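Trainee: For the first sequence, the tail end lands on 1404 under our numbering, and the numbers increase by one without skipping. Here it is: the structure, laid out below.
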Amino acid sequence: MENKNEAITRQEDDFAQWYTDVCRKAELMDYSSVKGFIIYRPYGYAIWEEIQKYLDQRFKAIGTENVYMPLVIPESLFNKEKEHVEGFAPETLIATIGGKNELDDRLIIRPTSEVLFSEHYSKIIKSYRDLPKIYNQWCSVVRWEKTTRPFLRGSEFLWQEGHVMFASAEEARKNVLDILEIYNDLGRDVLAIPFVKGRKTDKEKFAGAKETYSIEALMPDGKALQSGTTHYFGTDFAKAFNVVYQDKDGSLKSPHQGSWGVSTRLLGSIIMVHGDDNGLVLPPFVAPIQVVIIPIQMAKEGVMKKCHEIYKIVKKLNLRVKMDDSDHTPGWKYAEYEMKGIPLRIELGPRDIEKDQVVIAKRNTGEKIFVKIHDLEEKIPELLKSISEEMYERAFKYLLDHTTEVKSMDELNKALEKGGYAKMMWCGEEACENKIKELTTATARCLPFNQTAFSDVCPVCGKKATKVVLFAKAY
RNA sequence: CGGGAUGUAGCGUAGCUUGGUAUCGCGUCUGCUUUGGGAGCAGAAGGCCGCAGGUUCAAAUCCUGUCAUCCCGACCA
């Protein structure tokens, strides 16, 4: 029987409310008493930990070392890089009192750590032998946001920030593109999210960066969500912070710098891309619980015993498994674990025991299948893999269906109305970019790496267009 | 930060116009019966009505401020 109080808002009724409902009912987070600062509850934090595991291992495989930098940056230091400061100044949180005294040099709670890394690098990089430096830190940062939403935009969020120094521009650029590829792999293989890889326009790039690259995900409400970025800085930052090394030939040079990061915003992507009206749908490889076992008629002879056997079989596969032997009814448990997005549910009762089988329900499709117990060992890993692929395919199809090539302002408007990306040829002028934003509120998400031209006229100004650009409304 | 809406038990709510010690459902706890899609019966606990001031003999209700959440803009990962 439908229990209205347990249900969440339907997506089609109010997508934003659905999102918030899922965040709370799936116990991913809770609000704290300070605006924009959320509590990452165990279930939500565990997803982040899985993301961390994957990325940390990939980062280290290409020579990255983890470090930890201070939480605070003296204002005087922060102000060294002009363009960067202008980008962040409006959203910094500043500590002004230490103990009982006003601070002479106020302390900025890091909104990002470019300047701390740069300052440190100026001390430890002296010779070409000290390069490259590929450092990363896992931490939280604070940005005083005006409007906040769980995971999507918080005043504090968790992330990793890589800050790298190389002797040459080529190496630095290669590093930030390699990392972008790792982010993309994370999406494809782990999160089941198809990202669009591309370069940001000058207008949209990071404060102080020469080049900014991003991975963009498309949400079911038609809005794009930037899910990760990498930046190439050139030598400007290094120069501002006096990072100088002596090269083999004895000359003094500035290294080429890059940075890259993904944040807990990825959880927002996961929730929206895959979720449905029954709640969360987690990609199998980040699900904190991958398989849940529900005993049916627990009091009946042999049921619990058989459930424990199944538990052991799944555990042995190195999977994250939970058995729920609480006294809730099976129906309650089904709904509960659907809300939590657990990829596979195993139901086991007297009827199954007779047939030496279990019932397996797939969260992503709702499909129920019967599997003989002796086949479980082989079948479960297969199912998890195919679920991940099905989820990716579904999201990819949505992405394709909502990427529309447009050749006129009229088509652009229609494409944005439908939701998703309006793909157009662009002359490269910021004026045209601004005009689209003014008329539609959509922004240039990126110049996708796939630059297959399909016209040579900019629909805004009518001049010659050479670049493929994706416009969309964004989070 | 501008415009709009909303805050009453863990969740969802009634009451507010016309001030007088807070309603109902779900959840929680106990017991028994149950268990293949959010179980049934019986009993119980749980609230300084978001917070802070003010008006009043008396404030959930009226006034001011503030905080939070949601929506629409501007800004940003």
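A virtual CB, placed ideally from N, CA and C, is assigned to each residue, including glycine. If you're wondering where the values come from, they're calculated on a predicted model, not measured in any experiment.
Which residues does DSSP list as the beta-bridge partners of Thr1333?
Mentor: What you label residue 1333 is simply residue 404 of the first sequence in a count that begins at 1. Note: Thr1333 sits in a beta bridge opposite Ala1351.
Trainee: Alpha carbon to alpha carbon, how far is Cys1375 from Val1105? Give it in angstroms, no decimals.
Mentor: For this step, residue 1105 is matched to residue 176 along the first sequence. For this step, residue 1375 is matched to residue 446 along the first sequence. Going from the Cα of Val1105 to the Cα of Cys1375 covers about 16 Å.
Trainee: Do the segment 1142 to 1149 and the segment 1119 to 1130 meet, that is, are 3 or more Cβ pairs less than 8 Å apart?
Mentor: The segment 1142 to 1149 vs the segment 1119 to 1130: in contact.
Trainee: Just curious, the beta strand (DSSP E) that Leu1147 is in, first and last residue?
Mentor: Locating residue 1147 in the first sequence gives position 218, counting from the first residue. Run containing Leu1147: 1140 to 1147, per the beta strand (DSSP E) assignment.
Trainee: For the 8 Å Cβ check, are there 3 or more pairs between the segment 1144 to 1156 and the segment 1164 to 1173?
Mentor: Contact fails: fewer than three Cβ-Cβ distances are below 8 Å.
Trainee: I need the DSSP call for Tyr1112, collapsed to helix, strand or coil.
Mentor: To locate residue 1112, count along the first sequence from 1; it is residue 183. The answer is helix: DSSP assigns Tyr1112 an H, G or I state.
Trainee: Terminal residues of the continuous beta strand (DSSP E) containing Pro1224?
Mentor: Residue 1224 sits at position 295 when you count from the first residue of the first sequence. Segment 1220 to 1224, the beta strand (DSSP E) holding Pro1224.
Trainee: Could you pull the start and end residues of the alpha helix (DSSP H) that Val944 belongs to?
Mentor: Working through the first sequence from its first residue, we reach residue 944 at position 15. One detail in the question is off: residue 944 reads as Phe in this sequence, not Val. Note, Phe944: alpha helix (DSSP H), 944 to 954.
Trainee: Quick check: the Cα distance between Thr1381 and Ala1373, rounded to an integer number of angstroms?
Mentor: For the purposes of this step, residue 1381 is taken as residue 452 along the first sequence, with counting starting at 1. For the purposes of this step, residue 1373 is taken as residue 444 along the first sequence, with counting starting at 1. Taking the straight line joining both Cα atoms gives about 17 Å.
Trainee: Run the CB neighbour count on Asp1385, radius 10 Å, all protein chains shown included, and call it buried at 16 or more, exposed below.
Mentor: If you number the first sequence from 1, residue 1385 lands on position 456. Per the 10 Å Cβ criterion, exposed.
Trainee: In the DSSP assignment, the beta strand (DSSP E) including Ala1024 goes from what residue to what residue?
Mentor: Counted from its first residue, the first sequence places residue 1024 at position 95. Per DSSP, Ala1024 belongs to the beta strand (DSSP E) from 1022 to 1027.
Trainee: Tell me the start and end of each unbroken beta strand (DSSP E) in the segment 1148 to 1215 that is at least 3 residues and wholly inside, in chain order.
Mentor: List check, beta strand (DSSP E) in window: 1153 to 1163, 1185 to 1192.
Trainee: Going by C-alpha distance, which of Glu1358, Thr1332, Glu1359, Gly1357 is nearest Glu1346?
Mentor: Numbered from its first residue, the first sequence carries residue 1346 at position 417. Comparing Cα positions, the closest option is Thr1332.
Trainee: Nearest to Lys1393 by CA position, among Glu1133, Phe1383, Tyr1240, is which residue?
Mentor: Counting from 1 along the first sequence, the entry for residue 1393 is found at position 464. Nearest of Glu1133, Phe1383, Tyr1240 to Lys1393, Cα basis: Phe1383.
Trainee: Grouping DSSP H, G and I as helix and E and B as strand, with all else coil, what is Met930?
Mentor: Here residue 930 refers to the residue found at position 1 of the first sequence. Confidence is the limiting factor: at Met930 the pLDDT is only 23, short of 50, which leaves the residue's position unreliable and the question unanswerable from this model.
Trainee: Near Ser1084, which residues of its chain fall below 8 Å by C-beta distance, leaving aside the five closest residues on each side in sequence?
Mentor: If you number the first sequence from 1, residue 1084 lands on position 155. For Ser1084, where only same-chain residues beyond five positions count, the Cβ hits under 8 Å are Val963, Lys964, Gly965, Phe966, Leu1022, Val1071, Arg1072, Trp1073, Glu1074, Thr1077.
Trainee: Measuring straight from C-alpha to C-alpha, what distance separates Trp947 and Ile937?
Mentor: Taking the first sequence and counting its residues from 1, the one referred to as residue 947 is at position 18. Taking the first sequence and counting its residues from 1, the one referred to as residue 937 is at position 8. If you take the alpha carbons of Trp947 and Ile937, they lie about 6 Å apart.
Trainee: So who's on the other strand from Cys1390, going by DSSP bridges?
Mentor: One-based indexing of the first sequence puts residue 1390 at position 461. Partner(s): none; Cys1390 has no beta bridge.
Trainee: DSSP on Cys1356, reduced to helix/strand/coil?
Mentor: As a working note, residue 1356 is residue 427 in the first sequence. Cys1356: coil per DSSP, three-state reduction.
Trainee: Can you name the start and end residues of the alpha helix (DSSP H) that Glu1048 belongs to?
Mentor: Counted from its first residue, the first sequence places residue 1048 at position 119. Looking at the DSSP string, the run of the alpha helix (DSSP H) that includes Glu1048 is 1043 to 1053.
Trainee: Below 8 Å on the Cβ atoms is my contact criterion, and I expect Met998 with Ser1042 to pass it. Report the Cβ-Cβ distance as a whole number of Å.
Mentor: Indexing the first sequence from 1 puts residue 998 at position 69. Indexing the first sequence from 1 puts residue 1042 at position 113. Met998 to Ser1042, Cβ: 5 Å. Contact.
Trainee: Can the beta-carbon of Pro1184 be found less than 9 Å from the beta-carbon of Ser1317?
Mentor: Along the first sequence, one-based indexing puts residue 1184 at 255. Along the first sequence, one-based indexing puts residue 1317 at 388. No; because the gap between Cβ atoms is not below 9 Å, this pair is not in contact.
Trainee: Quick test of your reading: Arg987 and Asp1206, contact by CB under 8 Å. State the CB separation rounded to the nearest angstrom.
Mentor: For the purposes of this step, residue 987 is taken as residue 58 along the first sequence, with counting starting at 1. For the purposes of this step, residue 1206 is taken as residue 277 along the first sequence, with counting starting at 1. 34 Å between Cβ atoms; not a contact.
Trainee: Over what stretch of residues does the alpha helix (DSSP H) that includes Arg987 continue unbroken?
Mentor: Within the first sequence, the letter at position 58 stands for residue 987. Arg987 -> alpha helix (DSSP H) spans 971 to 990.
Trainee: Between Met1338, Tyr1064, Asn1030, which has its C-alpha nearest Leu1045's C-alpha?
Mentor: Reading the first sequence from its first residue, position 116 is the one you call residue 1045. The residue with the shortest Cα to Cα distance from Leu1045 is Tyr1064.
Trainee: Would the beta-carbon of Leu1120 fall within 9 Å of that of Ile1199?
Mentor: Your numbering for residue 1120 matches position 191 in the first sequence. Your numbering for residue 1199 matches position 270 in the first sequence. Taking 9 Å as the Cβ cut-off, Leu1120 and Ile1199 qualify as a contacting pair.
Trainee: How do the segment 1300 to 1311 and the segment 1221 to 1232 stand: do at least 3 beta-carbon pairs fall below 8 Å, yes or no?
Mentor: Output reads no: the segment 1221 to 1232 does not touch the segment 1300 to 1311.
Trainee: Whole angstroms are fine: how far does the CA of Val1398 sit from the CA of Glu931?
Mentor: The residue labelled residue 931 in the question sits at position 2 within the first sequence. The residue labelled residue 1398 in the question sits at position 469 within the first sequence. In this prediction, Glu931 has a pLDDT of 31, which is less than 50 and means its spatial position is unreliable; what the coordinates show is noted afterwards. Those two C-alpha atoms are separated by around 46 Å.
Trainee: Could you say if the segment 1051 to 1058 and the segment 1024 to 1032 meet the contact criterion of at least three C-beta pairs nearer than 8 Å?
Mentor: Touching, no.
Trainee: Identify, in the order they occur along the chain, each residue of the same chain with its Cβ nearer than 7 Å to the Cβ of Ala1101, setting aside the five sequence neighbours on each side.
Mentor: Counting from one through the first sequence, the residue named residue 1101 turns up at place 172. Val1093, Phe1095, Tyr1161, His1185, Gln1186, Gly1187, listed in sequence order.
Trainee: Three-state secondary structure (DSSP) at His1257?
Mentor: Counting from one through the first sequence, the residue named residue 1257 turns up at place 328. Three-state DSSP puts His1257 in coil, outside helix and strand.
Trainee: When DSSP labels each residue in this structure, what does Tyr1404 get in the three-state scheme?
Mentor: Walking along the first sequence from the start, residue 1404 turns up at place 475. Coil.
Trainee: Name the DSSP bridge partner or partners of Glu994?
Mentor: Numbered from 1 along the first sequence, position 65 holds the residue referred to as residue 994. In DSSP, Glu994 forms a bridge with Tyr1064.
Trainee: DSSP three-state call for Glu1074: helix, strand or coil?
Mentor: Walking along the first sequence from the start, residue 1074 turns up at place 145. Reduced to three states, the DSSP call for Glu1074 is coil.
Trainee: Do Gly1219 and Ile1282 have their CB atoms nearer than 9 Å?
Mentor: Within the first sequence, numbered from 1, the residue matching residue 1219 stands at position 290. Within the first sequence, numbered from 1, the residue matching residue 1282 stands at position 353. According to the sequence provided, residue 1219 is Gln. The question's Gly does not apply to it. Contact: no.
Trainee: Could you tell me the alpha carbon to alpha carbon distance between Lys933 and Ile976, rounded to whole angstroms?
Mentor: Along the first sequence, read from residue 1 onward, the residue named residue 933 stands at position 4. Along the first sequence, read from residue 1 onward, the residue named residue 976 stands at position 47. In this prediction, Lys933 has a pLDDT of 37, which is less than 50 and means its spatial position is unreliable; nothing more can be read from the coordinates.
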